[in-house]
Ligand code: GDD
Ligand code: MG
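In my numbering, the protein residues as written are 16 to 359.
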């Protein structure tokens, strides 16, 4: 089985951190988001993953190379953004080595969906496309469907205006597509699968839905990213993942779950966790506190500072007695002066 992963977005809602790395390479429990996605695909029997890359393509090639978790990794490079359907058309020759239906995934999603069950549901329904559906409280930021009792999608509406969503069932960004879907995607231009392809298939009664309830998190905004890190630390990552080569004082308090990478220093009287990811070479000085936050490699937190519900970029320096909270993003190499309070 093959999977094409849409990995070319600009991640504008996570700037400035996406100015220096693609969103899909952001650390989640100290592993790139896309690394987790590929791990799940491999567990589900996918043998070839095609990365549709565009923005900062080389970062992916350098990290993942030609194979990962026993899967073959291929790259389809765009010279200009092609949206969410254009890249599928562009990769047509890579997908067509056989005529089997294939998976398409938004790469910015963490889930433990049963891909095999989704694939089977697709074959059973004889639909041209099957979309994984997840129920959420507020569907307005997503693609929303109207589904009948046979799991046929009657309508697909991308990001409906408030009050106009037909249900709480949203497009989870995981699809199985038949090869014939490639025939209705125009070549060489930006095309949105959500706005230009799914509505056509729904209208032709050829679009089905597969509901699932397992873990699903979309990483779009800072709050979602912090939540994804928390969920991953809680459910998939080892409860207290402290790598060798880190120096954690016996007088520091570590509250699980946390992920602490090699080369990290946590001094006495510091409190780390719950839900803290400290990247390689991070320094947490005496008396500081880090909770429900992600610190990119080589961030430095000086004495008696507090970082809560925040993201701190690579090499950033947080002064002593600084307080950072409420989904704040501190950019790479930023310097926050002593005693400053940051709330967003
Ligand atoms: N290769 C490539 N080229 N990939 C792209 C491009 C492009 O031009 N534009 C976006 N992508 C990738 C992004 O990297 C991401 O993995 C995926 O396509 C979806 O784009 P987003 O920009 O993250 O879309 P969204 O989150 O607003 O909405 C989508 O995801 C929701 C689920 O999280 C839609 O598919 C919604 O219908 C869905 O509910
Ligand atoms: Mg998204």
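We put the CB at the ideal spot given by N, CA and C, even for glycine.
Local conformation of residue 238 per DSSP, three classes: helix
Beta-carbon gap between residue 347 and residue 330 smaller than 9 Å: yes
Contact set for residue 338: own chain, Cβ-Cβ below 6 Å, skip 5 residues either direction: 321 and 356
Status (buried if at least 16 other CB within 10 Å, exposed otherwise) for residue 209: The residue in question, residue 209, is buried, as its Cβ has 16 or more Cβ neighbours within 10 Å.
Meets three-Cβ-pair contact criterion under 8 Å: the stretch 120-135 and the stretch 213-233: yes
Cβ-heavy atom distance, residue 234 to the ligand MG, below 8 Å: yes
Opening and closing residue of the alpha helix (DSSP H) in which residue 136 lies: 130-140
Distance cut-off 8 Å: residue 55 Cβ against heavy atoms of the ligand GDD: no
Coarse secondary structure for residue 304, derived from DSSP in three states: strand
Cβ-heavy atom distance, residue 121 to the ligand MG, below 8 Å: yes
CB of residue 307 within 9 Å of CB of residue 283, strictly: no
Cα-Cα separation, residue 151 to residue 265: 42 Å
Neighbourhood of residue 215 by C-beta distance below 7 Å, restricted to the same chain and skipping five residues each side: So the list reads 199, once near-sequence residues are dropped.
Identified DSSP bridge partners for residue 158: 173
Short Cβ contact (9 Å threshold) for residue 118 with residue 171: no
Alpha-carbon spacing of residue 142 relative to residue 64, whole angstroms: 23 Å
Euclidean distance between Cα positions of residue 249 and residue 227: 20 Å
Whether residue 201 touches residue 302 by CB criterion (9 Å): no
Distance between residue 164 and residue 138 (C-alpha atoms, nearest Å): Answer to the nearest angstrom: the Cα atoms are 18 Å apart.
With 16 other Cβ atoms within 10 Å as the buried cut-off, status of residue 225: By the Cβ-count criterion, residue 225 is buried, with 16 or more other Cβ atoms from all chains shown falling within 10 Å of its own Cβ.
Closer than 8 Å: residue 31 CB and nearest the ligand GDD heavy atom: Residue 31: no, Cβ never under 8 Å from the ligand GDD.
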